[in-house]
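Position 255 of the sequence shown, counting from 1, maps to 536 under my numbering, and the rest follow consecutively.
Positions of the beta carbon are idealized from the N, C-alpha and C atoms, including for glycine.
Note that the coordinates shown come from a computational prediction; the quantities given were computed from them, not determined experimentally.
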Amino acid sequence: MSNGRMIGRESELSYLEDLWNQKGLVTCCIWGRRRIGKTSILREFGKGKRTLFLQGIMGSYYENLSSLSLDISEFLGREIPQAPDLSHLMRTIEDICKEEHTLVIFDELPYLLESAPQASSVIQKSLDRGLNGLDCMFVICGSSISIMRKETEDAAKPLYGRFEHRKQIKPLSMDVCKGFHPDMDRDTSLRWYCTVGGIPYYHINTNSMNYQQLIEDKFLEKDSSWRSDAVGIILQEFNGNTNYTGAVKCIADGHVRQSEIADRMRIDRAACKRILDDLEFVGMIERKIPMGGSPKKPVYSIKDPFISFSFNIISNNTKLIESNSSKSVTYD
């Protein structure tokens, strides 16, 4: 969003509208990395519809039940007692959906799953029984790409086969991101995009800056949250496992083969391969086969521009940044 206006995302909204226009129970799984704009898209899509917006939170099972009950109270326009358990909560949702065509959005589902692993089974039972046959669109969404995909694609999981429609929200293209900076010349747009990528969050409220201000205020300022954001994104995706940030740091330092990364991190090759596969799975790195090289000996590079800039430029120049009191001197 920019000044209350959605930038891009026409295809995603059109996709969701097509699903909304279908009859009966329609299920959809939405995933994408943090700050990609999933919630903004879903809230925009929900405008003008009978929308029940539920959101998981980082907290205990009790806290999630309390928060979700408040979400339902807000939808109904009246206070309801806190649901004693998830089964009771889902029955309340089923009753709401019996009345008329309803859009149910369950945002940040992974937070609920962390505090209540049984949530997948409860939702599965509701989809198979209580909601089945109702005129309802049921959407689940989350920032943990690995959890969202595994919950719906792993045959051993309760939600396997329950979400026929799945949509990954991807970064915006450079041309679309120009919409955040309508007066910016193309060379600056390219530099901007190579620095922060196509994540709307990093473009919003920065259109009054020039490139030097962007770097100084968002990357060189010691108290800026952007300084630690790349590490935070990786750690949140992989439950705080620092081996994942370590692998990305190795790649940024020029150790681009699996054997080199394993040796630097002092872990066995099999564990290293799992880490690299996971990072590739969520789109943070990519593997490439050198021209004339063996497919068994790929090289890795950081794919995400924001993570790449943070590790290759900022992290590798931490001493310089910390030693200079003047951001402009550091920038130069």
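_Supposed close pair SER591, ALA511 - CB separation, criterion 8 Å_ = If you number the sequence shown from 1, residue 591 lands on position 310. If you number the sequence shown from 1, residue 511 lands on position 230. 4 Å between Cβ atoms; contact.
*asked:* Which residue marks the beginning of the beta strand (DSSP E) containing ILE677, and which one marks its end?
replied: Past the edges of the chain, shown from 282 to 613, lies residue 677, and the structure says nothing about it.
_I'd like to check one pair, LEU351 with PHE387: are the Cβ atoms closer than 8 Å?_
To locate residue 387, count along the sequence shown from 1; it is residue 106. To locate residue 351, count along the sequence shown from 1; it is residue 70. LEU351 sits away from PHE387, with the two beta carbons spaced by 8 Å or more.
_Nearest candidate by alpha-carbon position, reference MET418, set LEU357, GLY340, GLY327, ARG568_ = Reading the sequence shown from its first residue, position 137 is the one you call residue 418. The shortest Cα separation from MET418 among LEU357, GLY340, GLY327, ARG568 belongs to GLY327.
_Residue environment, ASP559, which counts as buried when at least 16 other CB atoms sit within 10 Å_ = On the sequence shown, residue 559 is found 278 positions in, with the first residue counted as 1. It is buried - the Cβ of ASP559 has at least 16 other Cβ atoms within 10 Å.
_Are the CB atoms of CYS309 and VAL477 within a distance shorter than 8 Å?_
For the purposes of this step, residue 477 is taken as the residue at position 196 of the sequence shown. For the purposes of this step, residue 309 is taken as the residue at position 28 of the sequence shown. Taking 8 Å as the Cβ cut-off, VAL477 and CYS309 do not qualify as a contacting pair.
_Please identify the residue among ASN345, CYS553, ILE311 whose C-alpha is closest to the C-alpha of LYS431._
Stepping through the sequence shown from its first residue, residue 431 is reached at position 150. Closest by alpha carbon: ILE311.
*Does DSSP put TYR441 in a helix, in a strand, or in coil?*
Along the sequence shown, one-based indexing puts residue 441 at 160. In the structure shown, TYR441 sits in coil (DSSP, three-state: anything other than H, G, I, E or B).
_Would ILE514 and ALA528 be called neighbours here (beta carbons separated by less than 8 Å)?_
Translated into positions along the sequence shown, residue 514 becomes position 233. Translated into positions along the sequence shown, residue 528 becomes position 247. Contact: no.
*asked:* Please identify the residue among LYS584, SER427, ILE602, LYS577 whose C-alpha is closest to the C-alpha of LYS503.
replied: The residue you call residue 503 lines up with position 222 of the sequence shown. If we check each option's Cα against that of LYS503, ILE602 comes out closest.
_Test item: CB-CB of ILE548 and MET565 under 8 Å_ = Within the sequence shown, the letter at position 267 stands for residue 548. Within the sequence shown, the letter at position 284 stands for residue 565. With contacts defined by Cβ atoms closer than 8 Å, ILE548 and MET565 do not form a contacting pair.
*asked:* Let me check understanding here. Comparing Cα to Cα, which of GLU344, GLU325, MET490 lies closest to GLY289?
replied: On the sequence shown, position 8 is the one that residue 289 refers to. Taking each of GLU344, GLU325, MET490 in turn and checking the Cα distance to GLY289, the smallest one comes out for GLU325.
*By Cβ distance below 7 Å, which residues in the same chain neighbour PHE461 in space, the five residues on each side in sequence not counted?*
For the purposes of this step, residue 461 is taken as residue 180 along the sequence shown, with counting starting at 1. For PHE461, where only same-chain residues beyond five positions count, the Cβ hits under 7 Å are SER283, ILE288, HIS484, ILE485, ASN488.
*Give every residue of the same chain whose Cβ lies closer than 6 Å to the Cβ of PHE356, excluding the five residues on either side of it in the sequence, and list them in chain order.*
Here the question's residue 356 lines up with position 75 in the sequence shown. The answer, listed in chain order, is LEU333.
_Close-in-space but distant-in-sequence residues of the same chain around GLU561 (CB under 7 Å, 5 per side omitted)_ = Counted from its first residue, the sequence shown places residue 561 at position 280. Once the five neighbours on either side are set aside, the close Cβ partners of GLU561 are GLU567, ARG568.
*Taking the alpha carbon of THR526 as the point to measure from, which residue in ILE496, HIS382, MET546 has its own alpha carbon closest?*
One-based indexing of the sequence shown puts residue 526 at position 245. Ranking the options by Cα distance to THR526, first place goes to MET546.
*Status (buried if at least 16 other CB within 10 Å, exposed otherwise) for THR599*: Numbered from 1 along the sequence shown, position 318 holds the residue referred to as residue 599. The residue is exposed, with fewer than 16 neighbouring Cβ atoms inside 10 Å.
*Considering only the beta carbon of each residue, do ARG372 and LEU408 sit closer than 8 Å?*
In the sequence shown, counting from the first residue as 1, residue 372 sits at position 91. In the sequence shown, counting from the first residue as 1, residue 408 sits at position 127. Taking 8 Å as the Cβ cut-off, ARG372 and LEU408 do not qualify as a contacting pair.
*asked:* My assumption, with CB atoms under 8 Å, is that TYR492 sits in contact with TRP473. Please give the rounded CB distance.
replied: To locate residue 492, count along the sequence shown from 1; it is residue 211. To locate residue 473, count along the sequence shown from 1; it is residue 192. The beta-carbon separation of TYR492 and TRP473, rounded to 6 Å, stays under the 8 Å limit for a contact.
*asked:* For ILE361 and ILE353, what's the separation of their Cα atoms in angstroms?
replied: Position 80 of the sequence shown, counted from the first residue, corresponds to residue 361. Position 72 of the sequence shown, counted from the first residue, corresponds to residue 353. Whole-angstrom Cα-Cα distance: 8 Å.
*Are the beta-carbon atoms of SER402 and PRO439 separated by less than 8 Å?*
Here residue 402 refers to the residue found at position 121 when the sequence shown is read from its first residue. Here residue 439 refers to the residue found at position 158 when the sequence shown is read from its first residue. The answer is yes: Cβ separation under 8 Å.
*List the whole-angstrom C-beta distance separating GLY423 from LEU453, where the pair is believed to meet the contact cut-off of C-beta under 8 Å.*
Position 142 of the sequence shown, counted from the start, is the residue given in the question as residue 423. Position 172 of the sequence shown, counted from the start, is the residue given in the question as residue 453. Contact doesn't hold; Cβ gap of about 20 Å is too wide.
*Residue from SER470, PRO391, ASP534, PRO586 whose Cα sits closest to the Cα of GLY340*: The residue given as residue 340 occupies position 59 in the sequence shown. Of SER470, PRO391, ASP534, PRO586, the residue nearest in Cα terms is PRO391.
*For THR308, which of helix, strand or coil comes out of DSSP?*
Position 27 of the sequence shown holds residue 308. THR308 falls in the strand class under three-state DSSP.
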